[in-house]
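Have a look at the structure below before the remarks.
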Amino acid sequence: MRIHSPVASIGRLEEDIVHPNRAQRPDRFKILGFPIDLVDYRTVFQQINAWRAQGVCRFIILATAADIQLAQTDGLGAAAHRSGLNLPDGIAVVIAARLMGHRPSGRVAGPDLMLRLCDWGQEYGYRHFFYGSTNDVVERLIANLTRRFAHMEVAGFLCPPFRDLTPQEDAVAVEKINACRPDIVWVGLGGMRQICWMSDHLGRIRAAAMIGVGAAFNFHSGLVRRAPAWLRRIGLEWSYRMLTEPRKIIPRTRHTLAFCAKAIAQACMMRLSARHLQRTWP
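For the record, in the sequence shown the residue sitting at position 68 is 68 according to our numbering, with numbers rising by one throughout.
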């Protein structure tokens with residue numbers, strides 16, 4: 001494993017951001033106006049490979065129920081429509097999709113996505129950059145990942161201060177990231193902050209994908225213990241996190257409950273509308 005040093009010169013930033021053709025994506029639908037892509041892990045990898053081949057950069061949102069609820073009021077909705085993929089990271093989102101007549105393959109959880117892409121990317125020479133958290137956490141994260149994936153390439157990492165950067169600081173950060181020539185930039189700023197960061201930096205970061213994974217940094221560094229696999233399989237990882245990280249999870253619970261109520265209402269309205277059309281169709 002090698003951690004590559006930044007090169008001195010920065011190439012020209014991509015000027016034209018070409019968004020994926022939504023009309024050709026039948027696996028995309030909307031919950032409360034928030035677009036969600038019902039794809040599996042392998043499809044995500046294939047999409048990143050396509051972006052890499054095209055020389056374009058997209059960002060991926062791992063959307064929880066709380067994220068979708070908050071997007072209605074805090075401007076995240078615009079970011080969701082700029083993204084390359086919005087994946088259902090939360091059992092409530094998966095259940096809502098099923099209630100609306102869709103057939104999701106299941107959750108696409110950030111920590112699991114990180115492991116799969118680090119593994120699959122070895123064959124293709126993917127270069128990974130880590131942005132966020134603290135030096136101690138990220139150094140442990142990299143050590144654990146490279147111990148597990150012997151041929152994984154780490155392009156570098158950067159841990160910004162826990163505050164908004166000045167324009168000058170942000171420009172330096174972008175230059176450092178681009179100088180490392182990453183294929184994937186893993187963003188661990190948490191929740192809304194990482195979504196806004198990726199959206200704001202679309203067109204400035206030169207990589208195939210920026211992926212906001214938040215808690216994955218803490219889980220894979222060993223700082224925080226993840227829920228047992230059996231709890232994750234039955235969709236109860238949230239309950240474990242509520243017990244182990246109450247100060248972080250409980251405040252988001254009201255947003256999750258609001259999402260559930262609105263999603264159920266949307267599903268009921270869709271079914272009523274479908275029945276009405278069946279009755280009135282000649």
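Every residue, glycine too, gets a C-beta built ideally from N, C-alpha and C. Here the structure is a predicted model, which is why all the values come from computation and not from measurement.
Span of the alpha helix (DSSP H), counted from its first residue to its last, around residue i
i, result
"R116", "110-120"
"Y240", "237-244"
"I234", "Neither: I234 is in no alpha helix (DSSP H) and is coded neither H nor E."
"R193", "191-200"
"H220", "216-221"
"Q168", "167-179"
Under 9 Å between C-beta atoms of residue i and residue j
i, j, result
"P188", "G212", "It should be noted that the sequence gives Gly, not Pro, for residue 188. Their beta carbons are under 9 Å apart, which means G188 touches G212 by this criterion."
"G132", "T256", "no"
"H128", "W51", "no"
"G222", "N144", "yes"
"Y126", "M152", "yes"
"Q72", "F45", "no"
"F217", "L141", "yes"
"R42", "L202", "no"
"C118", "F149", "yes"
"E237", "R252", "no"
"L158", "F130", "yes"
"P160", "A173", "yes"
In DSSP terms, what residue i is bridged to
i, result
"P88", "A63"
"A209", "R58, I184"
"E153", "R127"
"P35", "K30"
"L158", "Y131"
Span of the beta strand (DSSP E) around residue i
i, result
"A288", "Residue 288 lies beyond the stretch modelled for the chain, which goes from 1 to 282, so this question has no answer here."
"R28", "28-31"
Nearest-angstrom beta carbon gap, residue j and residue i [assumed within contact, 8 Å]
i, j, result
"I61", "V93", "No, I61 and V93 are not in contact; Cβ-Cβ is about 11 Å, not under 8 Å."
"A97", "L38", "6 Å"
"N178", "I205", "7 Å"
"I36", "A63", "6 Å"
"F59", "S199", "7 Å"
Interface flag, residue i vs chain D, CB-CB below 9 Å
i, result
"M100", "Given the protein chain composition of this structure (a single chain), no chain D is represented."
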